[in-house]
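In terms of the working numbering, the sequence shown opens at residue 721 and continues consecutively. By construction, the Cβ of each residue, glycine as well, lies at the ideal position given by its N, Cα and C atoms. All figures in this text were calculated on a predicted structure; none of them were measured in a lab. A short worksheet on the structure shown next.
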Amino acid sequence: MKFSIVLSTQPTSFSALAYKGKLSENISKIKMYGYDGIELAVRDPNLLDLNQLNSVLKKNNLPVPAIGTGQAYGEEGLSLTHPDEQIRRKAIERIKSQIKFAEQYNAVVIIGLVRGKKETDLSFERVEDLLIESLNECASSNENIKIAIEPINRYETNLINTVNSGLLLLEKLHKDNVGLLLDTFHMNIEEPSIIESIRNAKEKLFHFHIADSNRWYPGAGHIDFKIILETLGEINYSGFVSAEILPVPDPDTAAEKTIEYLRPYKKT
Ligand code: LER
Ligand code: MN
Numbered sequence: 721m722k723f724s725i726v727l728s729t730q731p732t733s734f735s736a737l738a739y740k741g742k743l744s745e746n747i748s749k750i751k752m753y754g755y756d757g758i759e760l761a762v763r764d765p766n767l768l769d770l771n772q773l774n775s776v777l778k779k780n781n782l783p784v785p786a787i788g789t790g791q792a793y794g795e796e797g798l799s800l801t802h803p804d805e806q807i808r809r810k811a812i813e814r815i816k817s818q819i820k821f822a823e824q825y826n827a828v829v830i831i832g833l834v835r836g837k838k839e840t841d842l843s844f845e846r847v848e849d850l851l852i853e854s855l856n857e858c859a860s861s862n863e864n865i866k867i868a869i870e871p872i873n874r875y876e877t878n879l880i881n882t883v884n885s886g887l888l889l890l891e892k893l894h895k896d897n898v899g900l901l902l903d904t905f906h907m908n909i910e911e912p913s914i915i916e917s918i919r920n921a922k923e924k925l926f927h928f929h930i931a932d933s934n935r936w937y938p939g940a941g942h943i944d945f946k947i948i949l950e951t952l953g954e955i956n957y958s959g960f961v962s963a964e965i966l967p968v969p970d971p972d973t974a975a976e977k978t979i980e981y982l983r984p985y986k987k988t
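As structure tokens, this is what we get:
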């Protein structure tokens, strides 16, 4: 099992991130704690100093398994299902540029909050059609790059809350390079059985987020991670398990406690 942790490349209002900015300092710390990779949360790849980022990643010899894209929604209101066609277009173009950015790392591109939510009188069917249309265009822009839709709990969106609804969407979309990202924090709220849901996702599981029930580091809440990590082994999950956690009591303690907790599972 390989472990990563999320680092936001710039300041953001999204709270469940151990590390934000200070790339050189934070990437070295992540390496020092013993992580195998770094998931990057990026608002807009065009705002990045790629030379600087890639030289720090290279110096620390850390791969990038996944790119988070939710800040385009959180900070700019872009959504793949927005009723305004121009905003939807901007969101699609942003995801396509994230896909281009992801090529150099062969990273999974995450579709979390950027899918948007049903907020107007558009029917759920229409919103779902818009999502399928947008995802289809993004996924077709490079079929070698994996895209992972993340079921997110009901308090953050009303569109794809469960693994089942994610799998149904994948059936309708029918693109081999689109799968799911499962996050233990959301699953703890929405899934009748976390284990059964992981088993149902099987080979459609492209990426995995880990946080405890309170979104603190694993071990700080009441989720049973032993059985979850064993189940990932059972379905032959070969991707990264990535910590998307609150920086509490402080970023370094959160990062260190997470990897200490996960280390015994490294060989599985
Ligand atoms: C993003 O990966 C996530 O889990 C969401 O909670 C974003 O709000
Ligand atoms: Mn997540």
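{"Asked": "Assign ILE915 to one of three DSSP states: helix, strand, or coil.", "Found": "helix"}
{"Asked": "Just to confirm, does LEU833 get its C-beta within under 7 Å of one of the non-hydrogen atoms of the ligand LER?", "Found": "yes"}
{"Asked": "Going by DSSP, what residue range makes up the alpha helix (DSSP H) through ASP849?", "Found": "844–861"}
{"Asked": "Under 7 Å: does the beta carbon of GLU876 sit that close to some heavy atom of the ligand LER?", "Found": "yes"}
{"Asked": "Are there three or more Cβ pairs, one per stretch, closer than 8 Å when the stretch 943–958 is compared with the stretch 878–898?", "Found": "no"}
{"Asked": "Roughly how many whole angstroms lie between the Cα atoms of PRO969 and ARG846?", "Found": "43 Å"}
{"Asked": "Do PRO938 and LEU982 come within 8 Å of each other at the CB atom, strictly closer than that value?", "Found": "yes"}
{"Asked": "Counting C-beta neighbours from all protein chains within 10 Å, is the total for TYR875 16 or more, i.e. buried, or is it exposed?", "Found": "exposed"}
{"Asked": "Just checking ILE872 against the ligand LER - is the residue's beta carbon closer than 7 Å to any of the ligand's heavy atoms?", "Found": "yes"}
{"Asked": "Hey, PHE928 and LEU966: beta-carbon distance below 8 Å or not?", "Found": "no"}
{"Asked": "Could you please give me the residues that DSSP links to GLU759 through a beta bridge?", "Found": "VAL726"}
{"Asked": "On a CA-only basis, which of LEU925, LEU782, ARG814 is nearest VAL883? Give me that one, please.", "Found": "LEU925"}
{"Asked": "List the whole-angstrom C-beta distance separating LEU798 from VAL834, where the pair is believed to meet the contact cut-off of C-beta under 8 Å.", "Found": "6 Å"}
{"Asked": "How would you write the range of the beta strand (DSSP E) that ASP903 sits in, first residue to last?", "Found": "898–903"}
{"Asked": "Assuming THR801 contacts LEU851 under a Cβ cut-off of 8 Å, what Cβ separation, rounded to an integer in Å, is found between them?", "Found": "5 Å"}
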